[in-house]
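A quick write-up on the structure given underneath.
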Amino acid sequence: MVNGPSGTAAFDRRERPRHDAAHAASLGIANLNPFGDLHTLQHLSARMARSMRGVFEPVLRRAVRTWAEPLSVERFGSYCAERPKGMTVWLPLAMQTPSQANPGQALMAIDAKFALELLDLFFGGTGEAPHPMPSELSPAAEAMVKRIGTMIAEPLAAAWEPVARLSFAPGHPETSCAMLANLDDDDAMIVTRFGIAAGNDKPVFVDLVYPVAALKPIGPSLNAKVHGRTAEPEPQWRTGLTRAAMAVTFPVRSVLAEPTISLGRLLELKEGDVIPISFGQHVPVMIGTHRLGTGIVGSANGHAAICLHSIERLDEEDYP
927 MVNGPSGTAA FDRRERPRHD AAHAASLGIA NLNPFGDLHT LQHLSARMAR SMRGVFEPVL
987 RRAVRTWAEP LSVERFGSYC AERPKGMTVW LPLAMQTPSQ ANPGQALMAI DAKFALELLD
1047 LFFGGTGEAP HPMPSELSPA AEAMVKRIGT MIAEPLAAAW EPVARLSFAP GHPETSCAML
1107 ANLDDDDAMI VTRFGIAAGN DKPVFVDLVY PVAALKPIGP SLNAKVHGRT AEPEPQWRTG
1167 LTRAAMAVTF PVRSVLAEPT ISLGRLLELK EGDVIPISFG QHVPVMIGTH RLGTGIVGSA
1227 NGHAAICLHS IERLDEEDYP
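For the sequence shown, this note's numbering begins at 927 and goes up steadily by one.
As structure tokens, then:
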């Protein structure tokens, strides 16, 4: 529920005051939020939070959990002032509908320390940020931030699809909110925050910020109520869909061995040379990048075969 109690553990939450998403209009005070209770946008944020795993797990090279924080609506100047200590990286995201001539602009805001940790991991490091922190981003760090923005753009458009067909394109990252074009301190912003945590590590947060003015063209869609479940599908249609899904084929593979040799030995190889390999009794059986289980190598009907010995449990959330 928007602005309701979060199900996220207390130690995962960033400790900072959050304003209500729905601002009641009063005499002499402008209403920052013209979109009502923002249930629809909170629903879209929950969809986006599930997609964040696919964005950051390949970069972090670790399994992570992700969640969406309650929304807030606040002035841009107040939001900038409330950012945690240390440098923040601001990445403009051009936001456009197919019928829109001039694109609007959203923002991605992340801590510079997190961006530099991702950069170190990208180049094979252990994920350590420089100490002390630099006063500005290097070209490589700027490219890393734009890469993250590009990776976020596609799932973000997919999350918005039930409401509006939006496309997102990253711009040039800045380290000062004063350098962002077309944004003033008094502009009303809707802040959507996503938590990312691996194991018992302290979570990091990525903010996607939408100017209220940029969302006004799709305001009627945001004011629409989130629809519940539709009527049960026709049994014949359901049966046909099930049969079609069951007929989908997947490539199954197994890696018997992955020997390693030195570069010198590799350059000396010639036809007839033998590369010794060894493997245990059980070999992995894979479908794509996921392990199906393990098996024993043998033969069946005159063909090489693998007899499945165990099958891994498949979690639906591991698949897009």
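Glycine is no exception: its CB is placed at the ideal position from the N, C-alpha and C atoms.
About 6 Å separates the beta carbons of Val1135 and Ala1032, which is inside the 8 Å limit, making them a contact pair. In this structure Asp1110 touches Phe1002 by the C-beta definition: roughly 7 Å separates them, less than 8 Å. Around the beta carbon of Ala1038, 16 or more other beta carbons lie within 10 angstroms, which makes this residue buried.
Every beta strand (DSSP E) of 3 residues or more that sits fully in the region 1149 to 1216 is shown, in chain order, as 1178 to 1180, 1208 to 1213. In summary, Glu1068 is buried, with 16 or more beta-carbon neighbours lying within 10 Å of its beta-carbon over all protein chains present. Between Leu1044 and Met1077, the gap from beta carbon to beta carbon reaches 8 Å or more. Per the Cβ contact rule, the region 994 to 1001 is not in contact with the region 1081 to 1094 (fewer than 3 Cβ pairs under 8 Å).
Nearest neighbour of Gly1206 by Cα position, chosen from Thr1165, Glu1197, Leu1182, Leu958, turns out to be Leu1182. For Gln1026, no beta strand (DSSP E) run applies, since DSSP gives it neither H nor E. Leu1063 is a Cβ neighbour of Pro1099, given a cutoff of 8 Å. Going by C-alpha positions, Ala1114 is about 15 Å away from Asp1133. Under the criterion of beta carbons closer than 8 Å, Ala1090 and Ser1147 qualify as touching, at roughly 5 Å.
Cα atoms of Ala1230 and Ser1180: separation of roughly 12 Å, rounded to the nearest angstrom. Counting every other CB atom within 10 Å of its CB across the protein chains shown gives Ser1204 a total below 16, marking it as exposed. Look at the region 1032 to 1065 and you find no whole run of beta strand (DSSP E) that is 3 residues long or longer. Residue pairing from DSSP places Trp1016 in a beta bridge opposite Ala1035, Glu1100. In this structure, Val1223 places its C-beta atom within 8 Å of the C-beta atom of Ile1232. Distance between Met978 and Ala1171, taken at the CA atoms: about 26 Å.
Val981: member of the alpha helix (DSSP H) spanning 965 to 986, first to last residue.
Counting C-beta atoms within 10 angstroms of its own C-beta, Val1211 has 16 or more neighbours from the protein chains shown and is therefore classed as buried.
Burial of Val990 is indicated by the presence of at least 16 other C-beta atoms within 10 angstroms of its C-beta. Ala1085 is positioned such that its CB atom lies closer than 8 Å to that of Arg973.
Here Pro1143 is near Thr1023, since their CB atoms are less than 8 Å apart. The region 1077 to 1140 is shown to contain whole beta strand (DSSP E) runs of 3 or more residues at 1093 to 1096, 1114 to 1123, 1130 to 1137, in chain order. The alpha-carbon separation between Gly1051 and Gly1166 amounts to approximately 50 Å. Excluding five sequence positions before and after Leu1218, the CB atoms of its chain that fall closer than 6 Å to its own CB belong to Val1211, given in chain order. In chain order, Ile1074, Met1077, Ile1078, Pro1081 place their CB closer than 8 Å to the CB of Val981, counting only its own chain and leaving out the 5 sequence neighbours on each side.
The straight-line gap separating the alpha-carbon atoms of Ala1066 and Val1200 is approximately 43 Å. In the structure shown, Gly1075 adopts helical secondary structure according to DSSP, grouped into three states. For Ala1007, the uninterrupted alpha helix (DSSP H) run begins and ends at 1002 to 1008, by DSSP.
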